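Residue numbers (this note's numbering), protein chains in the order written: chain S, 422 to 597; chain B, 422 to 597; chain C, 422 to 597; chain R, 422 to 597; chain V, 422 to 597; chain U, 422 to 597.
Number of protein chains: 6
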Amino acid sequence: MAKNGKRGLIVGRFQPYHLGHQQAIKNCLKDVNELVIVIGSTDQSYEKENPFTAGERIEMISLALKDEKIFNRCFIVPVADIKEFALWTKRIRSYCPHFDVVYTNNPIVKELFEKDNVSVKKMVSNLKDIDAVKIREMMLNGKDWHKYVPKIVAKYLDKLGAVGRIKAIFMEEQKE
Amino acid sequence: MAKNGKRGLIVGRFQPYHLGHQQAIKNCLKDVNELVIVIGSTDQSYEKENPFTAGERIEMISLALKDEKIFNRCFIVPVADIKEFALWTKRIRSYCPHFDVVYTNNPIVKELFEKDNVSVKKMVSNLKDIDAVKIREMMLNGKDWHKYVPKIVAKYLDKLGAVGRIKAIFMEEQKE
Amino acid sequence: MAKNGKRGLIVGRFQPYHLGHQQAIKNCLKDVNELVIVIGSTDQSYEKENPFTAGERIEMISLALKDEKIFNRCFIVPVADIKEFALWTKRIRSYCPHFDVVYTNNPIVKELFEKDNVSVKKMVSNLKDIDAVKIREMMLNGKDWHKYVPKIVAKYLDKLGAVGRIKAIFMEEQKE
Amino acid sequence: MAKNGKRGLIVGRFQPYHLGHQQAIKNCLKDVNELVIVIGSTDQSYEKENPFTAGERIEMISLALKDEKIFNRCFIVPVADIKEFALWTKRIRSYCPHFDVVYTNNPIVKELFEKDNVSVKKMVSNLKDIDAVKIREMMLNGKDWHKYVPKIVAKYLDKLGAVGRIKAIFMEEQKE
Amino acid sequence: MAKNGKRGLIVGRFQPYHLGHQQAIKNCLKDVNELVIVIGSTDQSYEKENPFTAGERIEMISLALKDEKIFNRCFIVPVADIKEFALWTKRIRSYCPHFDVVYTNNPIVKELFEKDNVSVKKMVSNLKDIDAVKIREMMLNGKDWHKYVPKIVAKYLDKLGAVGRIKAIFMEEQKE
Amino acid sequence: MAKNGKRGLIVGRFQPYHLGHQQAIKNCLKDVNELVIVIGSTDQSYEKENPFTAGERIEMISLALKDEKIFNRCFIVPVADIKEFALWTKRIRSYCPHFDVVYTNNPIVKELFEKDNVSVKKMVSNLKDIDAVKIREMMLNGKDWHKYVPKIVAKYLDKLGAVGRIKAIFMEEQKE
Chain S
422 MAKNGKRGLI VGRFQPYHLG HQQAIKNCLK DVNELVIVIG STDQSYEKEN PFTAGERIEM
482 ISLALKDEKI FNRCFIVPVA DIKEFALWTK RIRSYCPHFD VVYTNNPIVK ELFEKDNVSV
542 KKMVSNLKDI DAVKIREMML NGKDWHKYVP KIVAKYLDKL GAVGRIKAIF MEEQKE
Chain B
422 MAKNGKRGLI VGRFQPYHLG HQQAIKNCLK DVNELVIVIG STDQSYEKEN PFTAGERIEM
482 ISLALKDEKI FNRCFIVPVA DIKEFALWTK RIRSYCPHFD VVYTNNPIVK ELFEKDNVSV
542 KKMVSNLKDI DAVKIREMML NGKDWHKYVP KIVAKYLDKL GAVGRIKAIF MEEQKE
Chain C
422 MAKNGKRGLI VGRFQPYHLG HQQAIKNCLK DVNELVIVIG STDQSYEKEN PFTAGERIEM
482 ISLALKDEKI FNRCFIVPVA DIKEFALWTK RIRSYCPHFD VVYTNNPIVK ELFEKDNVSV
542 KKMVSNLKDI DAVKIREMML NGKDWHKYVP KIVAKYLDKL GAVGRIKAIF MEEQKE
Chain R
422 MAKNGKRGLI VGRFQPYHLG HQQAIKNCLK DVNELVIVIG STDQSYEKEN PFTAGERIEM
482 ISLALKDEKI FNRCFIVPVA DIKEFALWTK RIRSYCPHFD VVYTNNPIVK ELFEKDNVSV
542 KKMVSNLKDI DAVKIREMML NGKDWHKYVP KIVAKYLDKL GAVGRIKAIF MEEQKE
Chain V
422 MAKNGKRGLI VGRFQPYHLG HQQAIKNCLK DVNELVIVIG STDQSYEKEN PFTAGERIEM
482 ISLALKDEKI FNRCFIVPVA DIKEFALWTK RIRSYCPHFD VVYTNNPIVK ELFEKDNVSV
542 KKMVSNLKDI DAVKIREMML NGKDWHKYVP KIVAKYLDKL GAVGRIKAIF MEEQKE
Chain U
422 MAKNGKRGLI VGRFQPYHLG HQQAIKNCLK DVNELVIVIG STDQSYEKEN PFTAGERIEM
482 ISLALKDEKI FNRCFIVPVA DIKEFALWTK RIRSYCPHFD VVYTNNPIVK ELFEKDNVSV
542 KKMVSNLKDI DAVKIREMML NGKDWHKYVP KIVAKYLDKL GAVGRIKAIF MEEQKE
């Protein structure tokens, strides 16, 4: 077995958690035994690009991981943004349990982790069309977004009133 | 008498305070005995969307309320923004004296206060054309904005050099 | 008339507002027409030295000023602390309506305002024995503190359950 | 069965995680199906009262919960402190998945959650002598602390060099 | 000699330091004996408008000043941004050694310093075409930017991999 | 020559800069060609442990370094504190020009830099009795502190009114 007990890390904002995230996580778990899932921008919520709170995102991810029977191989860690981006990888290392490898396709995240002597690999997903920006647009425009997220997450988002919230955020009056 | 000694709350940035704000405040005071007027974004000033300091905004509002003989029925409370928007209503409740009802037309503010079990009503104004964005644009473009704000506020803004400041903020050199 | 329409400023934490504060305010109002009352440390509450929220302190002060018929001569302005103390007087000037003179007995506050070319005078009170630290201790130890605060404030504090809160803050378990 | 699928919440700093924490967690899990474990003060580390990082504390707790086969019934959520304590319960609710009941013996935490209409119960433990303060003192003074923490946590702390770190923090030169 | 031992101050972000900055500095040093060079926005890095860290910018400026034999007449002071812009000039005065005059073409910076009784002069440069925005665009688009910065800075930026970093920052995947 | 063009780094608060600091700096400069002098806690001033602003500390150090003809071999870099101490060495590396070795006697600073793969050496000084805490106490108690700081710094501190400021900070009225 090639994994040797290693632990990986991925970062996302999960606004909302979708099938592309899920496939990436499952691909990582073919490569490592355990995975740290960092939820970024947890200090934002009820805003256009970050409609859901950290707690709601933990709930979504946990529901999906439990459904896939991989919850006990993962650590879900919310991490607030830091304006000094040069410190961000250090904050992640301080907030998370130890990890051996980071999966990312972002070249700056790669550069910053490699400067810290953390090894970095490409994150692989075949579901490149699925994208949280598009899903939020579908919610806003009344299109059917359900098939792009795990069923149990879709159900949770419906119960939460996700569509109503996103519409409310965008309806916000501009008049001062 | 229908008011029953209740206290209401409204939120604005008052950049600057105009007749639309004033009419809304007077409408609220038909419904409640006292009104908390929250000045938002007080941690910003000398910027395009927030040219005036918190202190200057307190001055404008107080001048107008005194002129209307309603100063002693109001509480003017400056509140700094909070990036974690989910905490914002809680900060308002912590910074303000107790209130029974919030007047707002913003659906997210409504949702957040109602989650906290605070009752929310529509804010009514017949002066929907008056808008601080337009007033700042008039100031910038040398048009006559005086009729859109209470006379005593217009006089204060002239003395403050409001037009000059807004032009200076927009003239800011882009060259680095 | 010696006042010449001037406006003064005093700073306090008002944990709680007491008769010493009230006498100082009334003395200032012999010297100036209007007074800005800055509530400091508004970003702290439910702690040993700052048991009451900013909103509760605005309530106490307003009740007392209205009772004394001086509410309409005052501006009550909550101001959050700033760690960079050299910037503090500037923040106060940015958060408050214009003022001509500061009343303080604190030599550092005096030095910092004078560096900003703000004139500073001694704050005069004959009630030097009354002190918020002592009042909080009396509350904690079950002694009678009511006579040291304005009657209307005492009533408000009783309704708020001030004694219970202060006891709860101090009972906080040390065990980790 | 009395649990009815409910979810509880406890808060600790876990500096380090010890048998008292563990017993409290297991007692809560007799009462509720799932438990949110909030790690507080995650923005502090390498200091006398907070020697371990958030990541190290997540590691300790996870090791122990997995060893006890209760990891999949828990959510471990690091939450940074907030100076405005009146907002703290709101931040916890925003950072955590939904919960039905809070277990605490701290009267202020109780008061603040109850103000938010969250139900609060006593946290029960028979191991009241075990205390993180004492454990850190034992580490500093070379006494044997191993028996007060779960075996797997003791092993982790040894590997981490916990004793060396705590000694280094306290050796810190005072000379400026 | 007209200088009378005076000290001036200029502010820039120096992303990167270029010949326009250098000429402005040399012009100031015709007018004053010593110059405080404030590096602004030091709390940002690895971002589109602020690709270089404070440390890298100190390095660039120092290399150039030493090359021009004017390092010992200058103070290079990194200053983090402050959201409350009304406090910004005060922060600069608190972070920098004493100065007598500010050189700026920004009307708001002028207004704020003059409110603090600091004298302000125009910043003179004949190299108005050189602009850090353009240089970053050239780096991004593979054009030759070397002639717009001092030779020693060009060499440093090449060694640092500046072009690669800027490309990486802009390549950042949009997909969530 | 053993230096090989290397650059070192030391950290201090310099409240005030004294002969112990100076000797340590000169000892470092026997070992390396250039030295980065980090001024810590620059976000504090006018307080008991941090009476002087960052700007005043830059002034003191510069005066002394110029007097010793070593100013052009040094970089003076003010760095604000960070509550997350695990990020502090990273912030220092981000704010400072590149350095090869850190001189410190603080075991935690040593541990944190070594975790970042920065080499650390002992800081050597024969003037261990000189200590900023003692100097501030002497200033407060009217004792003669002048001999413990470089002459040019003593003169600067006298002109600044350092003794008066420290007394004022400690005289601060306790009465609320």
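We treat Cβ as the ideally placed atom computed from N, Cα and C, and that holds for glycine.
These figures come from a predicted structure and were not determined experimentally.
For the segment 485–500 of chain C, the beta-carbon criterion of a distance under 7 Å to any beta-carbon of chain B is satisfied by 492, 493, 496, 498 and 499.
Residue 469 of chain B counts as exposed, since fewer than 16 other C-beta atoms from the protein chains shown sit within 10 angstroms of its C-beta. At a Cβ-Cβ threshold of 7 Å, residue 514 of chain U and residue 508 of chain S do not count as neighbours.
A contact between stretches requires three or more CB pairs, one per stretch, nearer than 8 Å, and the segment 485–494 of chain R meets this requirement with the segment 448–455 of chain R.
No Cβ of chain R is located within less than 7 Å of the beta carbon of residue 574 of chain U.
In the assembly as shown, residue 459 of chain U is a buried residue. Its beta-carbon has 16 or more other beta-carbons within 10 Å. For secondary structure counted as the beta strand (DSSP E) over 3 or more consecutive residues, the segment 442–494 of chain C holds these complete runs in sequence order: 455–460.
Among the residues facing chain V, residue 560 of chain B is not included, as its CB has no counterpart in that chain under 7 Å away.
In the DSSP assignment, residue 586 of chain C falls within the unbroken alpha helix (DSSP H) covering 583–592.
The criterion of a C-beta distance shorter than 7 Å is not satisfied by residue 531 of chain B and residue 545 of chain B. Contact note: residue 512 of chain C reaches chain V through 505, 507, 508 and 511, using a C-beta cutoff of 9 Å and chain order. Only 537 and 538 from the segment 532–545 of chain S bring a Cβ to less than 9 Å from some Cβ of chain U.
The contact set of residue 470 of chain U on chain C, defined by CB atoms closer than 9 Å, is empty, because the minimum CB distance reaches about 12 Å. In chain order, 444 place their CB closer than 8 Å to the CB of residue 547 of chain C, counting only its own chain and leaving out the 5 sequence neighbours on each side. Comparing alpha carbon positions, the residue from B:560, B:510, B:590 and B:592 closest to residue 578 of chain B is B:560.
Not a single C-beta of chain R is nearer than 7 Å to the C-beta of residue 483 of chain B. Taken through DSSP and simplified to helix, strand or coil, residue 569 of chain U comes out as helix.
Taking 7 Å as the cut-off, the Cβ atoms of residue 437 of chain B and residue 587 of chain B do not count as close. Distance from the CA of residue 571 of chain B to the CA of residue 568 of chain V, rounded to the nearest whole angstrom, comes to 56 Å.
Annotation: the continuous beta strand (DSSP E) that includes residue 430 of chain R extends over 428–433.
Pairing residue 476 of chain R with residue 456 of chain R gives a Cβ-Cβ distance that is not under 7 Å. Against chain B, the CB of residue 597 of chain C has no partner CB under 7 Å away; the residue lies outside that interface. Assignment of residue 497 of chain B by DSSP, reduced to helix, strand and coil, places it in the strand class. If you ignore the 5 residues before and after residue 534 of chain V, its C-beta comes within less than 7 Å of the C-beta of 510, 523 and 541, all in its own chain and listed in chain order. Residue environment for residue 519 of chain U: exposed (fewer than 16 other C-beta atoms within 10 angstroms of its C-beta). Residue 462 of chain R is outside the set of residues whose beta carbon lies under 7 Å from a beta carbon in chain B. Boundaries of the alpha helix (DSSP H) harbouring residue 516 of chain S: 509–516, taken from the DSSP string. Short of 8 Å from the beta carbon of residue 590 of chain C, and not among the five residues preceding or following it, lie these beta carbons of its own chain, in chain order: 467, 468, 469 and 472. Exposed is the label assigned to residue 538 of chain U, since fewer than 16 other Cβ atoms lie within 10 Å of its Cβ.
Residue 549 of chain S sits in coil when the DSSP states are folded into three classes, being neither helix nor strand. Interface residue (Cβ-Cβ distance to chain B less than 7 Å): residue 449 of chain C is not classified as such. Listed along the chain, the chain V residues whose CB falls inside 9 Å of the CB of residue 516 of chain U are 463, 474, 475, 476, 479 and 499. Where residue 542 of chain R is concerned, the enclosing beta strand (DSSP E) starts and stops at 540–542. The Cβ-Cβ distance between residue 597 of chain V and residue 554 of chain S falls below 7 Å. Here DSSP, grouped into helix, strand and coil, assigns residue 438 of chain S to coil. Burial state of residue 481 of chain U is buried, judged by a 10 Å Cβ sphere holding 16 or more other Cβ atoms.
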